[in-house]
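Novice:
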Amino acid sequence: MTAMTRPARPDEDDVRLRPVPWRRMAGVTWRQHRIALAGVAVLLGALAVYLWIAGLPLHHAYAAAVACHPAGSAACQALVGTFNSMDSHMTGAASPGGVLLQVVPVLIGAFAGAPVLARELETGTFRYAWTQGFGRWRWALAKLVLLAVVLAAAAGTVGVLVSWYYQPYFAAGNQALGLYEIPPFVTLFSLRGVAFPAWTLAAFVIGALAGMLIRRVVPAIVATLAVYAGLAVATGGFLREHYLTPLVTTIPNVPGTAWIISHWWTKDGRFAFAGNPSLNLLNQFCSSLPPGQGKPSVGTFAQCLAQHGYTQWTSYQPASRFWPFQWIEGGWLLALSALLIAATLWLVQRRAA
Amino acid sequence: MNIVEASGLGKRYGRTWALRECTLEIPAGRVTALVGPNGAGKSTLLNLAVGLSTPSAGAVTVLGGRRAGSPAALDGIAFVAQDTPLYKNLPVADMIYITRSLNRRFDQPYARARLAELGIPPRRKAGKLSGGQQAQLALTLALARRPRLLVLDEPVAMLDPIARHDFMATVLAAATADGVSVLLSSHVLTELERGADYLILLARGQVRLAGAVDDLLGAHGQASLEELAMTYLRETTAEVTR
Numbered sequence: 324m325t326a327m328t329r330p331a332r333p334d335e336d337d338v339r340l341r342p343v344p345w346r347r348m349a350g351v352t353w354r355q356h357r358i359a360l361a362g363v364a365v366l367l368g369a370l371a372v373y374l375w376i377a378g379l380p381l382h383h384a385y386a387a388a389v390a391c392h393p394a395g396s397a398a399c400q401a402l403v404g405t406f407n408s409m410d411s412h413m414t415g416a417a418s419p420g421g422v423l424l425q426v427v428p429v430l431i432g433a434f435a436g437a438p439v440l441a442r443e444l445e446t447g448t449f450r451y452a453w454t455q456g457f458g459r460w461r462w463a464l465a466k467l468v469l470l471a472v473v474l475a476a477a478a479g480t481v482g483v484l485v486s487w488y489y490q491p492y493f494a495a496g497n498q499a500l501g502l503y504e505i506p507p508f509v510t511l512f513s514l515r516g517v518a519f520p521a522w523t524l525a526a527f528v529i530g531a532l533a534g535m536l537i538r539r540v541v542p543a544i545v546a547t548l549a550v551y552a553g554l555a556v557a558t559g560g561f562l563r564e565h566y567l568t569p570l571v572t573t574i575p576n577v578p579g580t581a582w583i584i585s586h587w588w589t590k591d592g593r594f595a596f597a598g599n600p601s602l603n604l605l606n607q608f609c610s611s612l613p614p615g616q617g618k619p620s621v622g623t624f625a626q627c628l629a630q631h632g633y634t635q636w637t638s639y640q641p642a643s644r645f646w647p648f649q650w651i652e653g654g655w656l657l658a659l660s661a662l663l664i665a666a667t668l669w670l671v672q673r674r675a676a
Numbered sequence: 024m025n026i027v028e029a030s031g032l033g034k035r036y037g038r039t040w041a042l043r044e045c046t047l048e049i050p051a052g053r054v055t056a057l058v059g060p061n062g063a064g065k066s067t068l069l070n071l072a073v074g075l076s077t078p079s080a081g082a083v084t085v086l087g088g089r090r091a092g093s094p095a096a097l098d099g100i101a102f103v104a105q106d107t108p109l110y111k112n113l114p115v116a117d118m119i120y121i122t123r124s125l126n127r128r129f130d131q132p133y134a135r136a137r138l139a140e141l142g143i144p145p146r147r148k149a150g151k152l153s154g155g156q157q158a159q160l161a162l163t164l165a166l167a168r169r170p171r172l173l174v175l176d177e178p179v180a181m182l183d184p185i186a187r188h189d190f191m192a193t194v195l196a197a198a199t200a201d202g203v204s205v206l207l208s209s210h211v212l213t214e215l216e217r218g219a220d221y222l223i224l225l226a227r228g229q230v231r232l233a234g235a236v237d238d239l240l241g242a243h244g245q246a247s248l249e250e251l252a253m254t255y256l257r258e259t260t261a262e263v264t265r
């Protein structure tokens with residue numbers, strides 16, 4: 324058995340051996356992914372054009388309705404009506420436009436992110452790429468960071484346009500004028516501000532990691548869609564409301580822009596029940612409400628129950644927390660993306676041929 | 024200087040050893056043929072040498088003591104993998120651009136001239152080239168890196184006889200003219216015969232025979248490299264059958 328007695332003997336040129344410059348990956352990444360990037364550009368470009376074309380009349384109608392004096396006149400009411408009837412297909416999370424917008428990040432993630440590594444592994448070209456002088460983890464890091472930054476920047480630009488489009492619905496004072504108003508939290512939170520590029524970034528990185536783990540393009544795309552959907556649902560349904568401790572109030576008239584987390588009632592300082600009062604309770608105490616005026620409002624019930632010693636509590640997130648929540652969501656998604664990139668690089672480095 | 028040096032090298036996939044107790048020294052300046060039946064561990068050994076996989080046991084160094092897969096090793100080794108993987112949807116010119124960008128050295132005039140000589144148009148997509156042209160393109164890209172060691176994994180297995188001949192002619196020209204050390208695996212023995220002057224015989228994950236072809240032929244009284252290899256391969260097969 325021959326022992327390896329020879330010490331590591333670097334050659335003369337090793338002293339001058341500098342790594343291949345990072346900037347060279349820009350051209351490489353562009354040549355390899357220009358079709359995917361062009362696809363993203365077409366998708367986001369079409370969306371931007373649509374938002375612009377649909378947004379201009381919306382903003383004009385809004386400006387006209389707000390500028391109208393006197394506010395209560397029939398002419399002004401007509402302008403308010405015009406604004407309120409516009410574009411109902413874009414104004415809810417479940418509306419066609421809202422759904423379309425919500426799948427944009429995951430489409431980018433799945434179709435631009437998943438193939439980045441999966442295609443190399445599926446076609447065997449990783450044996451070419453990882454034996455070049457650049458070095459494999461540097462190659463993967465440069466590629467992922469470049470694409471992630473470009474995609475997040477593109478999504479951020481469109482996110483600004485989405486924010487602009489919906490701006491009239493979120494403006495303060497809409498309620499007073501009878502203008503349609505959307506609570507800023509409840510719908511489309513993840514499509515505006517920093518959340519939109521952050522979700523796009525996360526989707527891309529999830530796609531890249533899925534591609535590295537699964538090593539096949541199509542299954543990696545499917546996995547990306549599934550994981551992203553799970554993360555988005557979990558965030559919207561359970562996580563987001565806990566970013567900051569909700570405010571608690573006994574004032575029945577919480578502003579319409581607030582995000583109501585929960586209601587509960589107390590009687591004589593003790594917890595009575597959660598949610599809305601039961602029919603039994605209302606029959607017991609509030610059967611004498613004036614009939615015939617349609618459905619009595621919640622406020623009426625609250626007043627009635629208050630007369631019988633019940634107190635209504637509401638926990639909510641005020642609309643003023645919109646930006647803190649945006650930064651919190653953007654922040655943890657960025658941290659998650661960095662973590663997933665690190666995990667992907669680790670897999671690239673230890674993956675055996 | 025040894026261009027590849029392995030000591031106690033082993034690679035395990037799950038519970039199976041693809042390569043075991045591999046100790047060898049391949050001197051620089053040789054055309055080394057790595058011969059063995061399918062599943063003998065040829066690709067495993069090559070992947071370890073170029074740093075695509077890491078050893079489960081032992082160690083392998085290249086280019087005179089550089090750790091396989093280290094930046095200095097990657098810099099001096101060009102690898103053409105089995106089935107010559109290329110980005111099939113990219114034009115030949117982009118493959119040249121990418122290879123040049125990913126390496127410190129790249130002899131662009133050589134690559135251009137060589138492809139022109141082969142009649143490979145730079146605008147043609149790599150996937151549209153014939154099998155022989157794809158292999159030649161991969162080889163040209165590897166040689167334009169001006170490597171000190173060229174590693175080829177079953178380079179001619181998929182090629183027709185003429186393409187095989189042309190491919191091996193390019194490899195041997197680089198070895199003689201530029202002094203590039205070559206390490207290639209193959210089960211097409213007759214192709215190797217013409218140029219290989221160093222032989223490693225692998226069977227069932229272990230080195231059965233290693234040495235300069237002339238010495239081996241003299242010691243074993245065989246007329247040709249092919250005969251020598253066949254004799255050893257038959258012995259191994261007999262072992263398995265027993």
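Just so you know, the sequences run in chain order A and B. Under this note's numbering, the first residue of the first sequence is numbered 324, with each subsequent residue one higher. Under this note's numbering, the first residue of the second sequence is numbered 24, with each subsequent residue one higher. Idealized CB from N, CA, C, for every residue including glycine. Everything numeric in this text was worked out from a predicted model, so none of it was measured.
When you check each C-beta in the region 527-559 of chain A against every C-beta of chain B, which residues fall closer than 7 Å?
Specialist: Going along the region 527-559 of chain A in chain order, one finds no residue with a Cβ nearer than 7 Å to chain B.
Novice: Residues of chain A with a CB under 7 Å from the CB of Ile124 (chain B): which are they?
Specialist: As a position in the second sequence, residue 124 (chain B) is number 101, starting the count at 1. Here residue 124 (chain B) is Ser; the residue named in the question, Ile, does not match the sequence. Near Ser124 (chain B) (Cβ distances below 7 Å), the residues of chain A are Arg347, Gly350 and Val351.
Novice: Determine the extent of the alpha helix (DSSP H) in which Phe300 (chain A) is found, giving its start and end residues.
Specialist: With chain A represented from 324 up to 676, any question about residue 300 (chain A) goes unanswered, as that position is not in the structure.
Novice: What in chain A is Cβ-close to Val73 (chain B), meaning under 8 Å?
Specialist: Counting from 1 along the second sequence, the entry for residue 73 (chain B) is found at position 50. Near Val73 (chain B) (Cβ distances below 8 Å), the residues of chain A are Thr454.
Novice: For Leu514 (chain A) versus Leu424 (chain A), is the C-beta spacing smaller than 8 Å?
Specialist: Sequence index remark: in the first sequence, residue 514 (chain A) carries index 191 (1-based). Sequence index remark: in the first sequence, residue 424 (chain A) carries index 101 (1-based). Closer than 8 Å, so yes.
Novice: Would you decide whether Val472 (chain A) is buried or exposed? Buried here means 16 or more other CB atoms lie within 10 Å of its CB.
Specialist: Stepping through the first sequence from its first residue, residue 472 (chain A) is reached at position 149. So Val472 (chain A) counts as exposed.
Novice: Please list the partners that Phe190 (chain B) has in chain A, where partner means a Cβ-to-Cβ separation under 8 Å.
Specialist: Here residue 190 (chain B) corresponds to residue number 167 of the second sequence, with the count starting at 1. Under the 8 Å cutoff, chain A gives no residues; its nearest Cβ is about 17 Å from Phe190 (chain B).
Novice: Is any beta-carbon of chain B found at less than 8 Å from that of Thr667 (chain A)?
Specialist: For the purposes of this step, residue 667 (chain A) is taken as the residue at position 344 of the first sequence. No, its Cβ sits nowhere closer than 8 Å to a Cβ of chain B.
Novice: Can you tell which of A:Tyr488, A:Pro647 and A:Tyr633 has the C-alpha that lies nearest to the C-alpha of Thr573 (chain A)?
Specialist: By one-based count along the first sequence, residue 573 (chain A) stands at place 250. The option with the nearest alpha carbon to Thr573 (chain A) is A:Tyr633.
Novice: Between Arg227 (chain B) and the rest of its own chain, which residues show a CB-CB distance below 7 Å, the 5 nearest in sequence each way excluded?
Specialist: As a working mapping, residue 227 (chain B) is identified with position 204 in the second sequence. Once the five neighbours on either side are set aside, the close Cβ partners of Arg227 (chain B) are Ala63 and Thr259.
Novice: Which word fits His243 (chain B), buried or exposed, when buried means at least 16 other C-beta atoms lie within 10 angstroms of its C-beta?
Specialist: Within the second sequence, the letter at position 220 stands for residue 243 (chain B). Its Cβ having fewer than 16 others within 10 Å, His243 (chain B) is exposed.
Novice: Just checking: is the beta-carbon of Thr523 (chain A) within a distance shorter than 8 Å of some beta-carbon in chain B?
Specialist: Here residue 523 (chain A) refers to the residue found at position 200 of the first sequence. No, no contact with chain B.
Novice: Residues of the region 37-52 of chain B in Cβ contact with chain A at a cutoff of 9 Å, in chain order, please.
Specialist: Against chain A - using a Cβ distance shorter than 9 Å - the residues of the region 37-52 of chain B are Glu44, Thr46, Leu47 and Glu48.
Novice: For the region 352-365 of chain A, list every residue whose C-beta sits within 9 Å of some C-beta in chain B, in sequence order.
Specialist: Within the region 352-365 of chain A, the residues whose Cβ lies closer than 9 Å to some Cβ of chain B are Arg354, Gln355 and Ile358, listed in chain order.
Novice: Pull up the CB-CB distance for Ile544 (chain A) and Ala433 (chain A), whole angstroms please, since I reckon it's below 8 Å.
Specialist: On the first sequence, position 221 is the one that residue 544 (chain A) refers to. On the first sequence, position 110 is the one that residue 433 (chain A) refers to. Indeed they touch by this definition, with Cβ atoms about 5 Å apart.
Novice: Identify which residue in A:Gly516, A:Cys627, A:Gly598 and A:Leu662 has its Cα closest to the Cα of Thr637 (chain A).
Specialist: Position 314 of the first sequence, counted from the first residue, corresponds to residue 637 (chain A). Nearest C-alpha to Thr637 (chain A): A:Gly598.
Novice: Closest by CA to Leu222 (chain B), which one among B:Gly202, B:Ala252, B:Met118 and B:Val203?
Specialist: The residue labelled residue 222 (chain B) in the question sits at position 199 within the second sequence. Minimum Cα distance to Leu222 (chain B) is reached at B:Ala252.
Novice: Can you round the beta-carbon distance between Arg354 (chain A) and Ile121 (chain B) to whole angstroms, since I take them to be within the 8 Å contact cut?
Specialist: Within the first sequence, residue 354 (chain A) is the residue found at index 31, counting from 1. Within the second sequence, residue 121 (chain B) is the residue found at index 98, counting from 1. That pair is a contact at about 6 Å.
Novice: Out of curiosity, what's the CA-to-CA distance linking His210 (chain B) and Pro60 (chain B)?
Specialist: For the purposes of this step, residue 210 (chain B) is taken as residue 187 along the second sequence, with counting starting at 1. For the purposes of this step, residue 60 (chain B) is taken as residue 37 along the second sequence, with counting starting at 1. Those two C-alpha atoms are separated by around 7 Å.
Novice: Which whole-angstrom value is the C-beta distance of Ala452 (chain A) and Glu443 (chain A), which I expect to be below 8 Å?
Specialist: Locating residue 452 (chain A) in the first sequence gives position 129, where the first residue counts as 1. Locating residue 443 (chain A) in the first sequence gives position 120, where the first residue counts as 1. Rounded, the Cβ-Cβ distance is 6 Å, consistent with contact.
Novice: Which two residues bound the contiguous beta strand (DSSP E) that contains His586 (chain A)?
Specialist: Counting from 1 along the first sequence, the entry for residue 586 (chain A) is found at position 263. Element bounds for His586 (chain A): Trp582 to Lys590.
Novice: I'd like to know whether the C-beta atoms of Pro428 (chain A) and Val540 (chain A) end up nearer to each other than 8 Å.
Specialist: Translated into positions along the first sequence, residue 428 (chain A) becomes position 105. Translated into positions along the first sequence, residue 540 (chain A) becomes position 217. Not closer than 8 Å, so no.
Novice: Would you please verify whether the beta carbon of Val27 (chain B) is less than 8 Å from any beta carbon of chain A?
Specialist: For the purposes of this step, residue 27 (chain B) is identified with residue 4 of the second sequence, where counting begins at 1. Output row for Val27 (chain B): interface = no.
Novice: If the cut is a Cβ gap below 9 Å, which residues of chain B does Gln492 (chain A) touch?
Specialist: Here residue 492 (chain A) corresponds to residue number 169 of the first sequence, with the count starting at 1. Looking at the sequence itself, residue 492 (chain A) is Tyr, so the reference to Gln does not match. By Cβ distance, chain B contributes nothing, its closest Cβ being about 44 Å from Tyr492 (chain A), past 9 Å.
Novice: Which residue marks the beginning of the beta strand (DSSP E) containing Thr46 (chain B), and which one marks its end?
Specialist: In the second sequence, the residue the question calls residue 46 (chain B) occupies position 23. Where Thr46 (chain B) is concerned, the enclosing beta strand (DSSP E) stretches over Thr39 to Pro50.
Novice: Which partner residues does Ala226 (chain B) have in the DSSP bridge list?
Specialist: Numbered from 1 along the second sequence, position 203 holds the residue referred to as residue 226 (chain B). Answer by DSSP bridge pairing, in chain order: B:Gln229.
Novice: Quick one, are the C-beta atoms of Arg687 (chain A) and Ala441 (chain A) less than 8 Å apart?
Specialist: A query on residue 687 (chain A) cannot be resolved here, the shown segment of chain A reaching from 324 to 676 and no further.
Novice: Does the separation of the CB atoms of Val194 (chain B) and Ile100 (chain B) fall below 8 Å?
Specialist: Counted from its first residue, the second sequence places residue 194 (chain B) at position 171. Counted from its first residue, the second sequence places residue 100 (chain B) at position 77. No.
Novice: Run through DSSP, which three-state label would Ser208 (chain B) get?
Specialist: Counted from its first residue, the second sequence places residue 208 (chain B) at position 185. Note: Ser208 (chain B) maps to strand in three-state DSSP.
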